[in-house]
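Asks: Which chain is which? The protein sequence lines are E and H, in order. Using my numbering, the first residue of the first sequence is number 53, and each one after it goes up by one. Using my numbering, the first residue of the second sequence is number 53, and each one after it goes up by one. Cβ atoms here follow ideal geometry from the backbone N, Cα and C, with glycine treated the same way. Just so you know, these numbers come straight off a predicted model, no measurement behind them. Got a structure for you, questions after.
There are 2 protein chains.
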Amino acid sequence: MDFSMEKPTLPKGTRDFGPAQMAKRQFILNHIRQVFQTYGFLPLETPAMENLSTLTGKYGEEGDQLLFKILNSGDFLKEADTTLMGNRDSKSLASVISEKGLRYDLTVPFARYVVMNRHDITFPFKRYQIQPVWRADRPQKGRYREFYQCDADVVGTDSLLCEAEIILMITEVFQRLNIADYTIKLNHRGILTGLAEVAHAQANESSLFVAIDKLDKIGEDKVRDELLTRGIDREGIERVFSVLNFKGTTADKQSFLQTQFAASPNGQKGLREVAEVLMLLQRYGGTAEHVEFDLALARGLSYYTGCIFEVKINHVAIGSVSGGGRYDNLTGMFGMPGVSGVGFSFGVDRLYDALEELAAFPQETTRSTTVLLAHFDEATRTFALGAAARLRARGIATEVYPDLVKIKKQLEFADKKKVRFTVVIGADELTSGQLTVKTMETGEQQKMTLEELIQRLG
Amino acid sequence: MDFSMEKPTLPKGTRDFGPAQMAKRQFILNHIRQVFQTYGFLPLETPAMENLSTLTGKYGEEGDQLLFKILNSGDFLKEADTTLMGNRDSKSLASVISEKGLRYDLTVPFARYVVMNRHDITFPFKRYQIQPVWRADRPQKGRYREFYQCDADVVGTDSLLCEAEIILMITEVFQRLNIADYTIKLNHRGILTGLAEVAHAQANESSLFVAIDKLDKIGEDKVRDELLTRGIDREGIERVFSVLNFKGTTADKQSFLQTQFAASPNGQKGLREVAEVLMLLQRYGGTAEHVEFDLALARGLSYYTGCIFEVKINHVAIGSVSGGGRYDNLTGMFGMPGVSGVGFSFGVDRLYDALEELAAFPQETTRSTTVLLAHFDEATRTFALGAAARLRARGIATEVYPDLVKIKKQLEFADKKKVRFTVVIGADELTSGQLTVKTMETGEQQKMTLEELIQRLG
């Protein structure tokens, strides 16, 4: 290294994904993609850059501040206001010298796409989208400035079949990822609204939901204090916790709530829809084994209008790896009302970390090329070229060590690159056609012909 | 639409890829990816943002101006120089208020990755990378501000096996993409240098290469004029064109150049290496049928130091869809000398356009979900749910129309979504188990059981 030059670095909060991580990420994403496709979801990709007019005001004030903005190209200061510059008014100047930003999530670009293509889209429209998003957040463990989102949404129908299929898809993804111990939490906005009604807290609905959302983190006592501060009376709080603390099966909860919500049409609707989703799930032959009717699940409050989901992998550090729900007004932000839909997303980084923690990545994701052909000289390398061509023709990932170097170096290479099998081709092999195939994992060696090796791996 | 709101738009030069385009793009990219993997290349992904110190100065002055820069987050003007602002000095101010940019290509991020991970990488390192890049270029037909690059490189070896494998990979990709009429142009930097020597134009080498590069576009006469202006004498120009205009087979060209380059070690080396690549290709059992030894191929000049490739699909508008070559100093820009490698890339947008023009996309890329189950009422929809579950369990992409609507609407949906088969489930089907399967393409209908349908599609 010429240290007169600064060593290159990565921007804070960003990562390279080298081959080893890519293999594991692709394992996750390929399964998710396959499941999405099996259920009729089709892929969409939108550009990294969106107009700031598309992004701004969609994520609250805090979100706006986390948008990465792109400097206008060329002479961006030409039109800039001298006063703004003189006052060092970064915020106002930004809107003059920058008109594009990096996408913050996949929902707003999807809504924009639906609005722009509303005449060509066939509704109900099932799309999935797996792309990175960017947030100028303070980086910390498990929080990055660039990370992948992985969303699936159905828009243009309010059929609860979609909710049942989301549960089926989650179940199938987890089965493929070898994750057995997880919980799909299910709740409904109507039930939360019913809860506010029961507590006579309709006016404080969102305070109530925000507080409930924190139960896991701060505990019941602090939530009670917060609710008092927010103007909900003691009797209301008692009624809220008599519901939230109710223990029992889904059926128990349903019949308990029937009584509680006797006078709440919202609560009734929530109960009815949750029951229908569970019935449809059964008709699909799906299992409700992992489903928990969780009356305290409040996720993101204002956005969702129907069922709400959250998936937790049990007994791992950051278990919440998926979530979603039904909304009534995806494209209202762009002046197109009445588009109802339901969507959910997987957190790829969290799934990755959870699979590492559970040691659940299959062996195949830790191996790279299948066969390395090692050789002693020009003649044996020439033999290797023909053998490589035949292996590759069967789709078997194969390398010939490119240089004429000592066998030891070639085997070290195979070991470090985590090749599955190494075949050392010597003069004997040239004449006999019997190859020695070494399984790198175990060190075990076996004699076989090229044809036999192809049969075994092809 | 509420037209009090501005209709959302896309930033200039960017595109959405809807399901129809995605299916075709994935067809191309999956084949490329599979071929790369079969040859032992492993995936790498780098972040969209790089430090501007990593990017600046790597693409020439013109390239620097095409970088998309990210505005520093927070109060970016805090430290800004009042004079720069007062002078409206956009260029100098940019370096103060922006420290990150979007990647311009995949080569510089790859070089950065190699330097940062040099102690962990197993060399020779074969990586491929398929990611978008961004350039603040003036958008025009076929030129976008966000587009995908698709690179494969081997670094850490100067073995010509790599060059031969590049030809093999290109051949295999084209075979999988159903493209038969194409040419892999092959030349060598040494041959171009030899040509400069023969023309006594060593001092004007790069002018010579730039002019030769334009032959296709502006023709021989104008290139001759340009060379004269650049100070190459008439005799030299004659010698250049006696080589460039030489017609014949590869063997003819090789023996002709042997004489021409008798006194040029660079030219000799170029000839020797081209011959070795072709010999290795033959030993791999590969075909040289599409390979053309093109003495006028000069691509990108200064960067390449060995073989140079360019692939042209014949008889389409924009035929040049792939190119690359050997370089000696990938990471020199970051102070790590001596990393030799060879790489090439596919132009995904151009391949896409060429396949459209040749109508070479296979049928499967124009279809979406495989089976739609249509129904008349609650009872038939319930039957459909169970059937969908069984089809999906075999990996067959299946949808149940979610709402209880008229059959006509469901069939229109199937037609517009380009579903392959529609199964209309009526009361008869419920009792007989004989389903009517309609092939949407042909309108043909066939009776079969669910099991038979699964057998046929699974």
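Please report how far the alpha carbon of H/T159 lies from the alpha carbon of H/R286, in whole angstroms.
Replies: Answer to the nearest angstrom: the Cα atoms are 39 Å apart.
Asks: Rounded to a whole number of angstroms, what is the C-alpha to C-alpha distance between H/D116 and E/Q183?
Replies: Their Cα atoms are separated by approximately 27 Å.
Asks: On a CA-only basis, which of H/F226, H/F386, H/A441 is nearest H/V363? Give me that one, please.
Replies: Checking every option, the nearest Cα to that of H/V363 belongs to H/F226.
Asks: Note the first and the last residue of the continuous beta strand (DSSP E) segment covering E/I448.
Replies: It is not in any beta strand (DSSP E) - E/I448 carries neither H nor E in the DSSP assignment.
Asks: Would H/Q415 be called buried (16 or more neighbouring beta carbons within 10 Å of its own) or exposed?
Replies: The residue is exposed, with fewer than 16 neighbouring Cβ atoms inside 10 Å.
Asks: Which first and last residues belong to the alpha helix (DSSP H) in which E/K27 is found?
Replies: Outside the shown range of chain E (53 to 510) lies residue 27 of chain E, about which nothing can therefore be said.
Asks: Would you mind telling me which residues of chain E sit closer than 8 Å to H/V452, beta carbon to beta carbon, in chain order?
Replies: Result: L213.
Asks: What does the alpha-carbon distance come out to for the pair H/E217 and H/S307?
Replies: Going by the C-alpha atoms only, they are around 25 Å apart.
Asks: Do you know offhand how far H/F55's Cα is from E/P99's?
Replies: Caution is warranted here: a pLDDT of 47 is assigned to H/F55, below 50, making its placement in the model unreliable, and the coordinate value is therefore given only provisionally. One C-alpha to the other measures close to 25 Å.
Asks: In angstroms with no decimal places, state the Cα-to-Cα distance between E/Y404 and E/T108.
Replies: So the two alpha carbons sit approximately 31 Å from each other.
Asks: By Cβ distance, which residues of its chain are closer than 7 Å to H/A440, with the 5 residues on each side in sequence left out?
Replies: Once the five neighbours on either side are set aside, the close Cβ partners of H/A440 are L425, T450, V452.
Asks: Does the beta-carbon of E/H367 have 16 or more other beta-carbons within 10 angstroms, so that it is buried, or is it exposed?
Replies: Flag for E/H367 reads exposed.
Asks: Is DSSP giving H/E325 helix, strand or coil here?
Replies: If DSSP states are grouped into helix, strand and coil, H/E325 belongs with the helices.
Asks: Measuring CB atoms only, is the stretch 240 to 247 of chain E touching the stretch 320 to 332 of chain E, in the sense that at least three cross pairs come out at less than 8 Å?
Replies: Yes, the stretch 240 to 247 of chain E touches the stretch 320 to 332 of chain E.
Asks: Considering only residues of the same chain and omitting the five flanking positions on each side of E/T491, which have a CB-CB separation below 8 Å?
Replies: The residues are R472, F473, Q497, Q498.
Asks: Among the candidates H/H427, H/D480, H/L505, H/I370, whose CA atom is the shortest distance from the CA of H/K458?
Replies: Checked all of H/H427, H/D480, H/L505, H/I370; the closest Cα to H/K458 is H/H427.
Asks: What are the boundary residues of the alpha helix (DSSP H) that includes E/Y404?
Replies: Residues 400 to 409.
Asks: For chain H, is any of its Cβ atoms less than 7 Å away from the one on E/Y355?
Replies: With 7 Å as the cut-off, E/Y355 does not count as an interface residue toward chain H.
Asks: Using a Cβ-Cβ cut-off of less than 9 Å, give me the residues of the stretch 385 to 414 of chain H that come near chain E, in sequence order.
Replies: Here the close residues are M385, F386, G387, M388, P389.
Asks: Let me know if E/A314 comes out buried or exposed under the rule of 16 or more other beta-carbons within 10 Å of its beta-carbon.
Replies: With fewer than 16 other Cβ atoms within 10 Å, it is exposed.
Asks: Spatial neighbours of E/T66 within its chain, please: C-beta separation below 8 Å, excluding the five flanking residues on both sides.
Replies: Result list for E/T66: Y196, R197, E198, in chain order.
Asks: Relative to the C-alpha of H/Y200, which residue among H/V373, H/D133, H/F435 is closest?
Replies: Checked all of H/V373, H/D133, H/F435; the closest Cα to H/Y200 is H/V373.
Asks: Within a Cβ cutoff of 8 Å, which residues of the same chain sit near H/M53, ignoring the five residues on either side of it in sequence?
Replies: In this prediction, H/M53 has a pLDDT of 48, which is less than 50 and means its spatial position is unreliable; what the coordinates show is noted afterwards. Answer for H/M53: K59, listed in chain order.
Asks: Can you give, in chain order, each stretch of the beta strand (DSSP E) that sits fully within the stretch 84 to 172 of chain E and has at least 3 residues?
Replies: Listed in chain order, the complete beta strand (DSSP E) runs (minimum 3 residues) inside the stretch 84 to 172 of chain E are 101 to 103, 152 to 154.
Asks: Can E/F398 and E/K76 be called in contact, C-beta distance under 7 Å?
Replies: Contact: no.
Asks: Would you mind sorting H/H252 into buried or exposed? The rule is 16 or more other CB atoms within 10 Å of its CB.
Replies: Classification of H/H252: exposed, given that the 10 Å Cβ count is below 16.
Asks: Is the CB of E/S316 under 7 Å away from at least one CB in chain H?
Replies: By this cut-off, E/S316 is not an interface position.
Asks: Classify H/F298 as buried or exposed, calling it buried when 16 or more other Cβ atoms lie within 10 Å of its own Cβ.
Replies: By the 10 Å Cβ count, H/F298 comes out exposed.
Asks: List, in order along the chain, the chain E residues whose C-beta lies closer than 7 Å to that of H/E113?
Replies: Per Cβ cutoff of 7 Å: no residues; H/E113 is ~14 Å from chain E at best.
Asks: Using a cut-off of 8 Å between C-beta atoms, extract the partners of E/I122 located in chain H.
Replies: Under the 8 Å cutoff, chain H gives F120, K121, I122, L123, L154.
Asks: Check each candidate in H/E215, H/V400, H/K266 and name the one with the smallest Cα separation from H/Q73.
Replies: The residue with the shortest Cα to Cα distance from H/Q73 is H/V400.
Asks: Straight-line CA distance for H/M221 to H/Q89?
Replies: Going by the C-alpha atoms only, they are around 10 Å apart.
Asks: Return no unless some Cβ of chain E is closer than 7 Å to the Cβ of H/D127.
Replies: Cβ-Cβ to chain E under 7 Å: yes for H/D127.
Asks: Am I right that E/T209 and H/F465 are in contact with their C-beta atoms under 8 Å? What's the rounded C-beta distance?
Replies: With a Cβ gap of about 11 Å, E/T209 and H/F465 do not count as contacting.
Asks: Taking only three categories from DSSP, how would you classify E/G510?
Replies: Correct three-state label for E/G510: coil.
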